[in-house]
Each structure stands twice: as C-alpha cells, then as structure tokens.
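Be aware that the sequence shown starts at -14, since it is given in our numbering, and climbs by one per residue.
Glycine included, every Cβ here is placed at the ideal spot set by N, Cα and C.
For reference, the structure is listed below as structure tokens.
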Amino acid sequence: MINEKLLNPGSIAVVGGSEDISKTGGKVLYNLISGGYKGHLYVVNPKAQVIQGIKSYPDVSLLPPCDLAILAIPAKMCLQAVTVLAEQKKTGAFIILSAGFGEESGEGREAEQKIASVISSAGGTLIGPNCIGFLNMNYAGVFTTPLPVLRPDGVELISGSGATAVFIMEAAVTNGVPFSAVWSVGNSAQTGIEDVLEYLDDSYTPGSSAGVKLLYIESIRNPGKLLKHSASLIAKGCRIAALKAGVSEAGIRAASSHTGAMASPDMAYDALFRKAGIIRCHSRSELVAVASVFLHRKPAGRRVGIVTHAGGPAVILTDVLSKNGIEVPHITGPAAERLKEKLHPGSSVANPVDFLATGTAEQLGLILDACDNDFSNIDSIAVIFGSPGLFSVKNVYKVLHEKMRICRKPVYAILPSLINAGKEMDEFAAKGNIYFTDEAIFGKALSAVLNAPQPETGTDNGFRVNHKLIRSVIESAAGGYLEPEDADILLDAAGIQRPLSLYAAGEKETISAIKSVGFPVAMKAVGPLHKTDAGGVVLNVSDNEKALESFRRLMAIKECRKVLIQKMTPGTELFAGVKYEAGFGHILLAGLGGIFVEVLKDFSFSLIPVGINTAIDMIRSLKGYGLIKGVRGQGGVSEKSFAELICRLSALIEAAPEIIELDLNPLMGNGEEIIAVDARIRIEKRIPDS
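Below is the structure:
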C-alpha cells in the first residue's frame, strides 16, 4: 500500500497550514520549506492568501492536483477533505497529523476507519492519524524538531508513538547518529509498523537501502507479518532493534494451567523478536546505543580491547562486558612491550590499555595502530577519553576521528565529558562521528549486538507424528480438558514416551492394574483439575494394603471419577508446556521441574514451530543447565532426548492447533530417555483469530 507519492511526492498540500510555527500546521510547513523540499508546495487555509510565502487556497476543492496531502485540521473535518482530495485531486498519499480519532473514542475509531477506506479504495497510502508525520531524504513532513542529519546509510526509525519518536531522535542526534527516514504511524488506521517492514523488505537493496532499522512498538496487529519481514530483512543483511512498551505483570492473565499462568503477551513478543533475529531493548537510551553500535563496522569476533586514560570507567566497562560473556583478553608479548616503551612510565598495556591522564594524542594513535595491527586477539576497540577541564582535547578527538576511518577493526568512541569537552564533542559529531557518553550503556549495547540471535531457520525438525490419529482425537473430543485416556493417545501419536498407565474405578481393578504395572506405583485422582492441590497424588505405593487404602482416599476426593495407576519413574524432574497466545500462535516453554520452575522461574520459551537447533538452545540457556549435564557425580539428563521431546511437542501442536494449553509436568529424565509422567491438555475447537 506504500506508494511513490508518499516517498517522493512531486507536490504537497498542507491542509491547515499556518503562519504560527507553534501550531502543528505552521511547523510542518516551516520544516518543509527549511528542509529544502524541491516540489510544488500548496497551503489550504481560508483565513489568508499567503502563508510563509506560499499561496494559500481557501478550500481543498480549489487546489491543483497534488500527490501528498498533510492534514493539520480538526478530526471532524478530515473525512470530507480526504474524500475530495482522493476522488477529485488525484492525491495518492496522506499524512494525518490530527488527533481525536481512535485513541480517544469508538466514534473516533469509526471515523479513522472510514478515512482509511476512502484512501484504500483510491489506491492511496495513509500515515496516521495522530502522528508527527513522515521524514525522509526527499522532504521533512513532520511538525517536530530536531530535524536529524539525513544520510542514505542512516538509521530508519518506525514508531507507534510520535512523542517517543521525537525523544529517540533527540537522543540519537546528540550522539551523532544520522537517519535515513522516520515513520510515525500513529493510530495505524491503514499503515502499521508491520506494513512498513513489508515495504522495506520488498524494496530492500543491499548497499543502498538503510541497513539499520529501529522499532518502537506499543501494539502490533499482525505479529506473523512482522516476524516474516523482519527475519527476511535480517537475512538480507539488515540489522533491527526494537523497544516494546507495555510489559508489566498486569498484562498477564490468570490461567488454569501451569504453563498458561507463566506465559504472557510480553513473552510472546520476546519469542517473536528472538525468532526474527531482532535485538530487544528496554529503554530509549539502550535503543540508540544499539543503533550506534550497528552503524560501526561489524567486529570479526567477541574480543574487545579497551583504551583509556581513566582507570575507573575502564573497570566498569570490563565488568559489563564480562558479565555478558564478552571477552576482554589479556595483552602480552613483544608487541605489547614495544608499545609500553612508547608510553609514559606507569602506563599499562595489559587490557585495559591505560595510558594515564597525561597521555597524548600521539600516544593514542600508537595504541590504536597496535590494537589494529599487532594484537591478533583483539576484534574491536573501545576508547574512553574525557577531560578534567584543564586543557582542550581537540587534538585527541582529531586522532580518534582519523583512526575510526582507517582502522580495519571497529573503533568505538566513549566520550563522557559532556560539559568539560562539550565543544570538542560537538565538533567531533559534526564530522560525521558517532559517540557514546556512558561506558556501561555502551557495554550493554555492544554485548547485545554480539549476543544477538540469528533468524531461526530449519523449523521442520524432521520428527513425524501420527497426524491421522491426532486429528481423530481432536475432532471427536468436546472442548475443554481432554480425558486422560485421550491425552495418552495424543502423546503416543506424537512419539512422546510415558510410563505404563492403567485406570481403575474399583478395588478389584486397582489390584489387577497394580499387578500389570508392578510395584512401586504412583496413584493419582482423575477428575480434579489440580490433583496435587487436592491431595490427589500418592507416590511410591509398594504393597496392596497401601494401594487399597490410597484408592479409597483418592475416590473420596470431590470430582474424582477413577484412579490412574502408573509405574514409578525415577529421574530428574523436568517440565514442558504450551500456551496459545492470540495473534502470535503457540508459545512452547521448557525447563527443569519442581522448585526450578515453580519458584525460580527457570524456563526458556519459543514460538512454535521449534526446530532442533532452537530446542537445544532452549535447553542450554537454562540457569540450571548444569543439572542436565550432571554435577558432582550425579547422572544428568539426555540433552538429545529432551530436545527431541520439545520438537515432538511442537509437531503435536502443529497437527492440533486447537490445543490452547498443555502441561507435561513433571517429565522425568535420565541419561537415556525422557518420560512424560503427567499430561494435561485443554482444547478449544475454534481458535481466536490472530
């Protein structure tokens, strides 16, 4: 739906343009003029004949044909203006800055939908309403400042919030970050963040399209579309970071299953970003810092050299990098000794390379040359250099400017002296340099980039299930929780191992079942939703007398219809489950069981489908992964079997998407196999629309 008339209009009409640049219509007109827009510019305002030197028309019906209309008029007037422009003036693109639509009321939402319908029917593009506008290399169609430096290789920002877009730009401009375009989609009546990504994906040309995309997301109508086009862009060489708002625990709904209680919409976003290869950020400063790292050369590896004249910030940066698994390697050898001889006495070249407060610009150049050419165990270089206010650091920043361009390895400038060296920093940024002001924020951003997920591929994990048998169970079952016997059939059809299990409704059946299963057994009440809470689980029953006593007690529990009798299964307790999240699909969770999932919340998750590589990554990301490997002489758990179970569970859900909640809790694992001791499965015949 995004068209050339939005991207490169030959003519623009500002409807509601004003002389007053403190008003929306006045400021957007001012930005268009001062930004050097080269096409035909028109204004609509019945109160003046000329506004800011541009001829003004009293009504849109009197305008010449125009490509793009920017509306800064009351919401109630927009539909009529849009209709005239779209149907009579061949206007193919609209930016509606006006508020008072869906963000305020149902009536406003209906009005913006009517506007979107008129524009879509004419084959046009709509940005907004309730936005700050659109900005690219061709024109500044926004009513805000600052107007950032625009370069084809700058970042492209797509934001659901106009104010947040401004604040992100302010932070980025301060650090010298250039932009190529800013999309403020506002209420997304027609064009949302995922639609912009679709266009950017379809039109992406490596080497000429902007290679860095930043997203500020409040909500997404089509997560699958965002996933598809983000992953595609990243696979083409683009890099994407996103800030998602609205992550509080208040967003987590109560659920009847264990998995349902743990899963949340925010977790779905996390899984979506990871599957696409998007770096998730949690603040504007973090988003800008990640973008700044993106705009440097890609380091060949994860080993960082730190160069400083101030020991404290270097220690802080070392701590942040080390905590995030990034190496700050020790520097030794003849090359290090030769470098040390060229520095002041007391300097250190061990890494961090500390050339002291008395270090010179010339010495900084020698250090950077050595890091670039002589130290093979360094992949990137972070330079921390501020000023105590005693002398100018202009010559130091001049060397830094030169080395950032000629060094083969990326050089990151961390300049903390916002006041003492403010003038020099402004000059440094004016030369086209990007810098950071805080070593910890830089360290987290670099770590995020170096630890960034890759778009997930190979989700067809090769594990086949009995699709026909699974569908027969689902199609014959009513909604709600499946009967245990049906759950057993589904596990068998998916190839998920379970212990020998029999059911008894009477004492004779109990003794017969135990004889077939063999002591020791577990006995569980069938009927209560939460068996353990109801006292409906008895373990390690080892004789008939205890078995009959347990049977009678279990059958006395309210809602108990029969008793499940299982062979006791030793091993390490694990957990796996699935939760359907509207719009996203199914989230699969897995981890260690017992206290690890109940109290420590040690689990990993992914959107289905899950491939074998992702399953292995899920297992290895657990804090308690050491227990799976085995510790202190205790046997571990077969990682291969656990990964296979995760993949088979994913395949089961693909065959039966009607499953909206599923718990395999506990799973019992050893060095050879994983056994599903208990399964609870809830289905809904009509899955809510995505």
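Considering only residues of the region 365 to 421, which uninterrupted beta strand (DSSP E) runs meet the minimum length of 3 residues and lie entirely inside it, listed in chain order? 365 to 369 and 396 to 399
Over the uninterrupted beta strand (DSSP E) stretch that includes residue 426, give me the two end residues. Numbered from its first residue, the sequence shown carries residue 426 at position 441. Residue range 424 to 435 is occupied by the alpha helix (DSSP H) that includes residue 426, with no beta strand (DSSP E) assigned at that position.
In chain order, what residues of the same chain lie with their CB nearer than 7 Å to the CB of residue 201, ignoring the 5 residues before and after it? As a first step, residue 201 is located in the sequence shown; it is residue number 216 there, counting from the start. Answer for residue 201: 144, 145, 146, 149, 150, 153 and 228, listed in chain order.
Give me whichever residues DSSP pairs with residue 648 in a beta bridge. Counting from 1 along the sequence shown, the entry for residue 648 is found at position 663. In the DSSP assignment, residue 648 is bridged to 562 and 665.
Any idea if residue 198 is buried or exposed, counting beta-carbon neighbours within 10 angstroms, 16 or more meaning buried? Locating residue 198 in the sequence shown gives position 213, where the first residue counts as 1. Label assigned to residue 198: buried.
Using 8 Å as the threshold, is the C-beta distance between residue -2 and residue 51 below it? What you label residue -2 is simply residue 13 of the sequence shown in a count that begins at 1. What you label residue 51 is simply residue 66 of the sequence shown in a count that begins at 1. Yes; because the gap between Cβ atoms is below 8 Å, this pair is in contact.
Let me know the secondary structure DSSP gives residue 469 once reduced to three states. Position 484 of the sequence shown, counted from the first residue, corresponds to residue 469. In this structure, residue 469 counts as helix in the three-state DSSP scheme.
Which residues bound the alpha helix (DSSP H) around residue 256? In the sequence shown, the residue the question calls residue 256 occupies position 271. Following the DSSP letters along the chain, one finds residue 256 inside the alpha helix (DSSP H) bounded by residues 250 to 261.
Would you list the residues sitting across from residue 116 in a DSSP beta bridge? Here the question's residue 116 lines up with position 131 in the sequence shown. In the DSSP output, where bridge partners are listed per residue, residue 116 has none listed.
Endpoints, beta strand (DSSP E) assigned at residue 137: Translated into positions along the sequence shown, residue 137 becomes position 152. Element bounds for residue 137: 135 to 144.
Determine the extent of the beta strand (DSSP E) in which residue 553 is found, giving its start and end residues. Residue numbering aside, residue 553 sits at position 568 when the sequence shown is read from its first letter. Unbroken run through residue 553: none, as it is neither H nor E.
Return the chain-ordered ranges of every beta strand (DSSP E) run that is complete within the region 582 to 615 and spans a minimum of 3 residues. 588 to 592
Going by C-alpha distance, which of 206, 112 and 264 is nearest residue 167? Taking the sequence shown and counting its residues from 1, the one referred to as residue 167 is at position 182. For the residues 206, 112 and 264, the minimum Cα distance to residue 167 belongs to 112.
Which whole-angstrom value describes the C-beta separation of residue 77 and residue -10, a residue pair presumed to lie in contact below a C-beta threshold of 8 Å? Along the sequence shown, one-based indexing puts residue 77 at 92. Along the sequence shown, one-based indexing puts residue -10 at 5. Sure, about 4 Å apart at Cβ, within 8 Å.
Alpha-carbon to alpha-carbon, residue 164 and residue 363: Position 378 of the sequence shown holds residue 363. Position 179 of the sequence shown holds residue 164. When rounded, the distance between both Cα atoms is 30 Å.
Which runs of the alpha helix (DSSP H) spanning at least 4 residues fall entirely within the region 186 to 226, listed in chain order? The region 186 to 226 contains these whole alpha helix (DSSP H) runs: 208 to 220.
Alpha carbon to alpha carbon, how far is residue 662 from residue 516? Give it in angstroms, no decimals. Locating residue 516 in the sequence shown gives position 531, where the first residue counts as 1. Locating residue 662 in the sequence shown gives position 677, where the first residue counts as 1. If you draw a straight line from the Cα of residue 516 to the Cα of residue 662, it comes to about 13 Å.
Would residue 651 and residue 578 be called neighbours here (beta carbons separated by less than 8 Å)? Walking along the sequence shown from the start, residue 651 turns up at place 666. Walking along the sequence shown from the start, residue 578 turns up at place 593. The Cβ atoms of residue 651 and residue 578 sit closer than 8 Å to each other.
Same chain, Cβ closer than 6 Å to residue -13, five either side skipped, listed in chain order: Counting from 1 along the sequence shown, the entry for residue -13 is found at position 2. Excluding positions up to five away in sequence, the list reads 110 and 184.
Under the DSSP definition of a beta bridge, which residues are partnered with residue 126? Taking the first residue of the sequence shown as 1, we reach residue 126 at position 141. Residue 126 pairs with 119.
Where do the ends of the beta strand (DSSP E) carrying residue 701 lie? Here the chain covers residues -14 to 675 and nothing more, so residue 701 does not appear.
Do residue 430 and residue 215 have their C-beta atoms within less than 8 Å of each other? Against the sequence shown, residue 430 aligns to sequence position 445. Against the sequence shown, residue 215 aligns to sequence position 230. No.
For residue 213 and residue 207, the rounded distance between their alpha carbons: Counted from its first residue, the sequence shown places residue 207 at position 222. Counted from its first residue, the sequence shown places residue 213 at position 228. Roughly 10 Å separates the two Cα atoms.
For residue 628, which three-state DSSP category applies? Against the sequence shown, residue 628 aligns to sequence position 643. If DSSP states are grouped into helix, strand and coil, residue 628 belongs with the helices.
Chain-order list of residues whose beta-carbon lies under 7 Å from that of residue 97 (same chain, five-residue window excluded): Position 112 of the sequence shown, counting from 1, holds the residue named residue 97. Same-chain partners within the cutoff: 86, 87, 114, 172 and 174.
Spatial neighbours of residue 321 within its chain, please: C-beta separation below 7 Å, excluding the five flanking residues on both sides. As a working mapping, residue 321 is identified with position 336 in the sequence shown. Correct list, in chain order: 334.
DSSP three-state label for residue 339, please. Taking the first residue of the sequence shown as position 1, residue 339 is located at position 354. Residue state, collapsed to three classes: strand.
Beta-carbon proximity list for residue 521, same chain, < 7 Å, skipping 5 on both sides: Stepping through the sequence shown from its first residue, residue 521 is reached at position 536. So the qualifying residues of the chain are 509, 510, 513, 539, 542 and 545.
Here's the rule I'm using: 16 or more other beta-carbon atoms within 10 Å means buried, otherwise exposed. How should residue 560 be labelled? Locating residue 560 in the sequence shown gives position 575, where the first residue counts as 1. Residue 560 is buried by the Cβ-count criterion.
With burial defined as no fewer than 16 other Cβ atoms inside 10 Å of the residue's Cβ, what is the status of residue 439: buried or exposed? For the purposes of this step, residue 439 is identified with residue 454 of the sequence shown, where counting begins at 1. Classification for residue 439: exposed.
Do residue 13 and residue 58 have their CB atoms nearer than 8 Å? Numbered from 1 along the sequence shown, position 28 holds the residue referred to as residue 13. Numbered from 1 along the sequence shown, position 73 holds the residue referred to as residue 58. Cβ distance not < 8 Å, so residue 13 and residue 58 don't count as in contact.
DSSP three-state call for residue 310: helix, strand or coil? On the sequence shown, position 325 is the one that residue 310 refers to. Residue 310 falls in the coil class under three-state DSSP.
With distances taken between CB atoms, is the gap from residue 41 to residue 33 smaller than 8 Å? Translated into positions along the sequence shown, residue 41 becomes position 56. Translated into positions along the sequence shown, residue 33 becomes position 48. Contact flag set, yes.
Looking only at its chain, what residues have a beta carbon closer than 8 Å to the beta carbon of residue 279, apart from the 5 residues adjacent to it on each side? Locating residue 279 in the sequence shown gives position 294, where the first residue counts as 1. Counting only Cβ-Cβ distances below 8 Å, and skipping sequence neighbours, we find 140, 196, 197, 224, 226 and 434.
Between 437, 80, 624 and 426, which has its C-alpha nearest residue 609's C-alpha? Taking the sequence shown and counting its residues from 1, one reaches residue 609 at position 624. The shortest Cα separation from residue 609 among 437, 80, 624 and 426 belongs to 624.
Whole angstroms are fine: how far does the CA of residue 664 sit from the CA of residue 472? Reading the sequence shown from its first residue, position 487 is the one you call residue 472. Reading the sequence shown from its first residue, position 679 is the one you call residue 664. Cα to Cα, the separation comes out at about 7 Å.
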